[in-house]
Each structure stands twice: as C-alpha cells, then as structure tokens.
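A short worksheet on the structure shown next.
In the numbering used here, the protein residues as written are 39 to 244.
See the structure below:
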C-alpha cells in the first residue's frame with residue numbers, strides 16, 4: 039500500500055479560530071505542484087484576507103491528524119456559479135483518489151447549502167496528480183485549454199478549464215443518503231430486537 043494511503047482521510051469545515059489557524063498554515067506553504075493556483079507566495083496579510091473573506095468557504099483535508107491541504111470555493115456574480123480551488127501543503131499525500139474524495143466532500147457541502155448551476159475548476163497541465171484525476175474520475179467535463187496560464191520552472195504551461203458534472207455529484211449525494219437511510223433502518227431494527235430480548239428476559243415478581 040502506498041504511504042499516501044496509510045491513514046484515512048477526514049475533512050473539517052473551517053468554522054472556528056483554531057481551524058482558521060490551520061487553514062493559514064496550509065496557505066503559507068510556498069510551493070506546490072498540486073495546488074490549482076500554482077506556486078504562490080502569500081504574505082501574512084494576503085492569507086488573513088483569504089481566511090476572513092466571507093465570500094469564500096473552506097474545508098481542511100486531513101490524513102489522520104495531519105493537515106495535508108484544503109479545498110476552497112467562492113460564489114461568482116452569476117447566481118449558482120462557483121469556483122473551486124485546491125491548495126496542497128504536502129504534495130506527497132495527494133493522489134487522484136485523494137483529490138476525488140476532497141472535491142466530493144467540498145461539493146457535498148456546496149450542494150447542501152446553495153442552488154448550483156455551474157462549478158469550475160482550473161488545472162495546470164504540469165500537475166500530474168490533477169490530470170490523472172480528470173482522466174480517472176468522471177466528475178468534471180473538460181471545456182477548453184487556456185494557453186500560457188501558469189508559469190513554473192522557467193516556462194509557461196497551459197491550464198485546463200473544467201466544469202463539474204453537477205448531476206453526477208448530485209447522484210453521488212443521493213447514493214450516500216440512501217446508504218445512510220439503510221444504516222439508520224438497520225440500527226432501528228437492531229435496537230428494537232435488543233429491547234425485545236431484554237424485555238423477554240426480564241422476570242417480573244408480584
């Protein structure tokens with residue numbers, strides 16, 4: 039098993055001051071081949087503005103207790119329009135499956151909170167992890183290529199503009215909801231069975 043898969047993933051919405059500090063640590067990472075914004079140096083002031091921007095929402099991606107990055111999204115001027123960004127502070131922990139889980143966690147939150155018409159993702163062509171994600175998973179539809187969109191390692195690279203297949207993500211949410219309903223039904227059944235056994239095993243004295 040790859041070391042990147044050794045600990046389970048969990049996702050934490052950024053809601054408290056402690057979580058904002060964790061997000062600040064992610065944003066402070068100066069270089070990443072996975073982050074959708076490319077290699078970005080952010081000053082403390084820029085990071086503070088991102089963290090405090092009420093138009094943006096974030097979830098932290100953690101492997102075990104270790105934060106490996108974040109997925110952020112912001113609403114556009116057009117109702118129902120959103121833009122996703124993935125920020126990595128530990129590129130070695132990211133694989134196509136990790137990206138898929140993180141983006142699904144983010145979109146699950148978006149789809150619960152708003153009416154969604156369009157979700158965009160911009161991927162740099164030097165990012166092998168993100169390109170593999172786009173080819174291995176069916177969540178996004180490639181719409182075009184933006185020439186010379188990124189500059190890294192002394193040369194310009196194209197960006198791939200994609201839009202989420204919202205229906206596919208909605209169906210995934212519905213499948214999760216069905217699984218949760220089945221689980222709750224099983225738990226209720228088991229509880230009733232346990233109560234009946236307990237009741238039948240109780241002897242009452244006059």
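C-beta atoms are modelled at their ideal positions from N, C-alpha and C, and glycine is treated no differently. Here the structure is a predicted model, which means the values were calculated and not measured.
Beta strand (DSSP E) segment containing residue i, residue limits
| i | result |
| --- | --- |
| residue 186 | 178-190 |
| residue 196 | 193-202 |
| residue 49 | 47-51 |
Test item: CB-CB of residue i and residue j under 8 angstroms
| i | j | result |
| --- | --- | --- |
| residue 153 | residue 114 | no |
| residue 106 | residue 138 | no |
| residue 108 | residue 64 | yes |
| residue 74 | residue 169 | no |
| residue 171 | residue 190 | no |
Exposure of residue i, with buried meaning 16 or more beta-carbon neighbours within 10 Å
| i | result |
| --- | --- |
| residue 178 | buried |
| residue 217 | Because the pLDDT of residue 217 is 43, which lies under 50, any placement of that residue in the model is unreliable, and the question is left without a value. |
| residue 176 | exposed |
| residue 151 | exposed |
| residue 156 | exposed |
| residue 53 | exposed |
Residue i, enclosing alpha helix (DSSP H) - first and last residue
| i | result |
| --- | --- |
| residue 61 | 55-65 |
| residue 89 | 82-90 |
The ligand ZN heavy atom lying under 7 angstroms from the CB of residue i
| i | result |
| --- | --- |
| residue 71 | With respect to the ligand ZN, the structure shown offers nothing to examine, as it has no ligands at all. |
At least three beta-carbon pairs within less than 8 angstroms, the segment 181-189 to the segment 137-148:
With contact defined as three or more Cβ pairs closer than 8 angstroms, the segment 181-189 and the segment 137-148 are not in contact.
In chain order, what are the residue ranges of uninterrupted alpha helix (DSSP H) at least 4 long that sit wholly in the segment 93-166?
134-151
Is the segment 85-97 touching the segment 52-61, taking contact as three or more C-beta pairs under 8 angstroms?
yes
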